[in-house]
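Each number in the working numbering corresponds to the 1-based position in the sequence shown with 12 added.
Even for Gly, the Cβ is constructed at its ideal location relative to N, Cα and C.
Predicted, not measured: the structure shown is a model, and the values here were computed from it.
Working notes, beginning with the structure itself.
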Amino acid sequence: MKHSYRRARCFWLVAFVVSFVAGPLTVQAQTTTRESFETGSKTTYPAGPVTLSTGSWTFDDALLGSSALDHKNGLQAPRLTQAGKLTMGFFLPDGASTVTVQHALYGAEASSAFELFYQSQSCGCNTWIKAGSTVLASSPALQTASFAVNVPGAIRFELRKVSGGDALLNLDDFTVTPFTVTPPPVAGDNDHLTMGNPSGAVTDVNSPTNYLMRKPQFALSYHRDQGKPNWVSWYLAPVWLGSTPRQDNFRADTELPAGWYQVGSSSYSGSGFDRGHNTPSADRTSSVADNSATFLMTNMIPQAPNNNQITWAALENYGRTLVGQGNELYIIMGSYGQGGTGSNGFAQTIDQGRVRVPSRVWKVIVVLPTGTNDISRVGTAGTRIIAINTPNEQGLTSNWGQYRVSVDSIEQATGLDLLSSLPTAVQEIVEAAIDNGPTQ
Numbered sequence: 013m014k015h016s017y018r019r020a021r022c023f024w025l026v027a028f029v030v031s032f033v034a035g036p037l038t039v040q041a042q043t044t045t046r047e048s049f050e051t052g053s054k055t056t057y058p059a060g061p062v063t064l065s066t067g068s069w070t071f072d073d074a075l076l077g078s079s080a081l082d083h084k085n086g087l088q089a090p091r092l093t094q095a096g097k098l099t100m101g102f103f104l105p106d107g108a109s110t111v112t113v114q115h116a117l118y119g120a121e122a123s124s125a126f127e128l129f130y131q132s133q134s135c136g137c138n139t140w141i142k143a144g145s146t147v148l149a150s151s152p153a154l155q156t157a158s159f160a161v162n163v164p165g166a167i168r169f170e171l172r173k174v175s176g177g178d179a180l181l182n183l184d185d186f187t188v189t190p191f192t193v194t195p196p197p198v199a200g201d202n203d204h205l206t207m208g209n210p211s212g213a214v215t216d217v218n219s220p221t222n223y224l225m226r227k228p229q230f231a232l233s234y235h236r237d238q239g240k241p242n243w244v245s246w247y248l249a250p251v252w253l254g255s256t257p258r259q260d261n262f263r264a265d266t267e268l269p270a271g272w273y274q275v276g277s278s279s280y281s282g283s284g285f286d287r288g289h290n291t292p293s294a295d296r297t298s299s300v301a302d303n304s305a306t307f308l309m310t311n312m313i314p315q316a317p318n319n320n321q322i323t324w325a326a327l328e329n330y331g332r333t334l335v336g337q338g339n340e341l342y343i344i345m346g347s348y349g350q351g352g353t354g355s356n357g358f359a360q361t362i363d364q365g366r367v368r369v370p371s372r373v374w375k376v377i378v379v380l381p382t383g384t385n386d387i388s389r390v391g392t393a394g395t396r397i398i399a400i401n402t403p404n405e406q407g408l409t410s411n412w413g414q415y416r417v418s419v420d421s422i423e424q425a426t427g428l429d430l431l432s433s434l435p436t437a438v439q440e441i442v443e444a445a446i447d448n449g450p451t452q
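Following this line, the structure appears as structure tokens:
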């Protein structure tokens, strides 16, 4: 089965080629903006304009400090008091991917917090939207705070001191990385997307139901309106396995675009559903950072406890057994439908309707003897493709083998184009087959 998602992927490939033939496209990276606050002058706190290297800013309850107690890179830095604000009086034309700003206490003042807000010119309004989390400044040395924004089009920013009263706060070196659309990557050995991008997902805030996120540990398509991934894809080989213990640090994913709801560690509390990993914790034990990444909530689905802890645990253990037998695996997992049965009974959503409970949970595992040129080896002797599709409910056992299906059947149910990097002729053969190999 080949779907419209393949056409979407081809569009990005054509766009990439055209950029060389016909000149730059809107997806081309633009210039990073950096305000060092080294130009301009303001020596009092009342609101007023300041002309800086990037343009005119308004400083309110803020000045440009140059004393020995101001922590700064260079000769001066903004110093904020009370509810101090630094506001851009102009728009950056190329949007923003990330924003960084340095912060420190003035002298040995008490701690205070600040927040970043943005305003999009396209909305034609005066609405300010908070980006990322509140940052607590508690160090007398400059620290760097980073905010994921991921907003295209003309944009401007405001920094607000939000706590600490008359305690003084230094900010410095404000840097904006422009917004870019990341097209689907070209497949290569040992990449999390070697077998393809099943939905043609792109890293574009205008694609909120099919938003591509690429972590060092896995890749995924996120559905903002369902509060869960459409699919997660990862590569598994001995290099990813070690002795790192389970971190259990479930947390929101702050790399989601600004303004999107972030599912939190407690969003599933009392729901009767597990925070079910897509990429398992035990598949990423080579380092603390790798294991910790699997506890991001963008890697989770509301999963019936028995389904998660019994059926899927058995399949995951079997996958690692295959790696121990000299294989490397390419794994794609996802969910679809609405409504599952957890330990508290049936539910369609949790977290006040912000997270959809799927009715089905599926996985595809491509098993290859360790080697190179992986795409070309799929469909040859020794290749095994395991596809399973289970109901999201409690009454399942560890016998995952009874839920084996064809890849084609999962494509028909989801509209995805799985294993899309394979030649069409190979896909037609391997995706129609149902695995009958051992289960332990």
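Count the other CB atoms, across all protein chains shown, that sit within 10 Å of the CB of residue i; report buried if there are 16 or more and exposed otherwise.
{"i": "Ala305", "result": "buried"}
{"i": "Val300", "result": "exposed"}
{"i": "Phe102", "result": "exposed"}
{"i": "Arg46", "result": "exposed"}
{"i": "Thr51", "result": "exposed"}
{"i": "Asp237", "result": "exposed"}
{"i": "Val33", "result": "For Val33, the pLDDT reaches just 32, beneath the cut-off of 50, and the residue's location in the model is therefore unreliable, leaving the point undetermined."}
{"i": "Pro257", "result": "exposed"}
{"i": "Asn320", "result": "buried"}
{"i": "Ile446", "result": "exposed"}
{"i": "Asp295", "result": "buried"}
{"i": "Pro58", "result": "exposed"}
{"i": "Thr310", "result": "buried"}
{"i": "Thr392", "result": "exposed"}
{"i": "Thr333", "result": "exposed"}
Would you please state the rounded distance, in angstroms, between the beta carbons of residue i and residue j? I believe it to be under 8 angstroms.
{"i": "Asp286", "j": "Gln274", "result": "In fact, because the Cβ distance is near 19 angstroms, the residues do not count as touching under 8 angstroms."}
{"i": "Ser109", "j": "Pro190", "result": "6 angstroms"}
{"i": "Val376", "j": "Ile422", "result": "7 angstroms"}
{"i": "Lys240", "j": "Ile313", "result": "5 angstroms"}
{"i": "Pro381", "j": "Gly338", "result": "6 angstroms"}
{"i": "Ser433", "j": "Ile398", "result": "Actually they are not in contact, since the Cβ atoms of Ser433 and Ile398 sit about 18 angstroms apart, beyond 8 angstroms."}
{"i": "Leu154", "j": "Asp184", "result": "6 angstroms"}
{"i": "Thr323", "j": "Thr451", "result": "Actually they are not in contact, since the Cβ atoms of Thr323 and Thr451 sit about 11 angstroms apart, beyond 8 angstroms."}
{"i": "Pro210", "j": "Ile400", "result": "No, Pro210 and Ile400 are not in contact; Cβ-Cβ is about 16 angstroms, not under 8 angstroms."}
{"i": "Thr99", "j": "Leu75", "result": "So it is not a contact: roughly 14 angstroms between Cβ atoms."}
{"i": "Tyr342", "j": "Tyr247", "result": "6 angstroms"}
{"i": "Ser410", "j": "Ala326", "result": "4 angstroms"}
In whole angstroms, what is the alpha-carbon distance linking residue i and residue j?
{"i": "Glu340", "j": "Asn385", "result": "12 angstroms"}
{"i": "Asn448", "j": "Val379", "result": "13 angstroms"}
{"i": "Ser347", "j": "Val244", "result": "10 angstroms"}
{"i": "Leu268", "j": "Asn162", "result": "8 angstroms"}
{"i": "Ser158", "j": "Ala80", "result": "26 angstroms"}
{"i": "Val419", "j": "Gly177", "result": "60 angstroms"}
{"i": "Arg389", "j": "Asn318", "result": "36 angstroms"}
{"i": "Asp302", "j": "Phe230", "result": "10 angstroms"}
{"i": "Thr291", "j": "Lys173", "result": "38 angstroms"}
{"i": "Ala425", "j": "Ala444", "result": "14 angstroms"}
{"i": "Ala437", "j": "Leu430", "result": "14 angstroms"}
{"i": "Asn138", "j": "Pro61", "result": "19 angstroms"}
{"i": "Ser151", "j": "Phe71", "result": "23 angstroms"}
{"i": "Val369", "j": "Ala122", "result": "45 angstroms"}
{"i": "Gly96", "j": "Lys54", "result": "14 angstroms"}
{"i": "Ser255", "j": "Val335", "result": "15 angstroms"}
{"i": "Ala166", "j": "Ala116", "result": "29 angstroms"}
{"i": "Val251", "j": "Thr192", "result": "31 angstroms"}
{"i": "Asn356", "j": "Ser371", "result": "15 angstroms"}
{"i": "Thr395", "j": "Asn222", "result": "30 angstroms"}
{"i": "Thr361", "j": "Val217", "result": "24 angstroms"}
{"i": "His289", "j": "Ser298", "result": "17 angstroms"}
{"i": "Val367", "j": "Ser293", "result": "21 angstroms"}
{"i": "Val113", "j": "Tyr234", "result": "28 angstroms"}
{"i": "Ala125", "j": "Thr93", "result": "11 angstroms"}
{"i": "Lys404", "j": "Gly77", "result": "In the sequence as presented, Lys is not what sits at residue 404; that position holds Asn. Cα to Cα, Asn404 sits roughly 59 angstroms from Gly77."}
{"i": "Gly284", "j": "Gly352", "result": "10 angstroms"}
{"i": "Gly365", "j": "Pro90", "result": "42 angstroms"}
{"i": "Thr43", "j": "Val188", "result": "9 angstroms"}
{"i": "Gly212", "j": "Gly413", "result": "30 angstroms"}
{"i": "Val214", "j": "Ala120", "result": "46 angstroms"}
What runs of the beta strand (DSSP E), each 3 residues or longer, lie entirely inside the segment 52-78? 60-64, 67-77
Closer than 8 angstroms is the cut-off here; do at least three beta carbon pairs connect the segment 127-134 with the segment 205-224? no
Pairing CB atoms from the segment 92-107 with CB atoms from the segment 162-178, are three or more of them under 8 angstroms? yes
The segment 250-261 touching the segment 346-366, judged by at least three CB pairs closer than 8 angstroms: no
Entirely within the segment 318-379 and at least 4 residues each: give me those alpha helix (DSSP H) ranges in chain order. 325-336
Three or more C-beta pairs under 8 angstroms: does that hold for the segment 70-89 against the segment 136-148? no
Inside the segment 372-437 only - alpha helix (DSSP H) runs reaching at least 4 residues: 386-389, 419-426
Ordered list of beta strand (DSSP E) runs contained in the segment 231-300, each at least 3 residues: 231-235, 240-248, 286-289
Which runs of the beta strand (DSSP E) spanning at least 3 residues fall entirely within the segment 162-231, listed in chain order? 167-173, 181-189, 223-226
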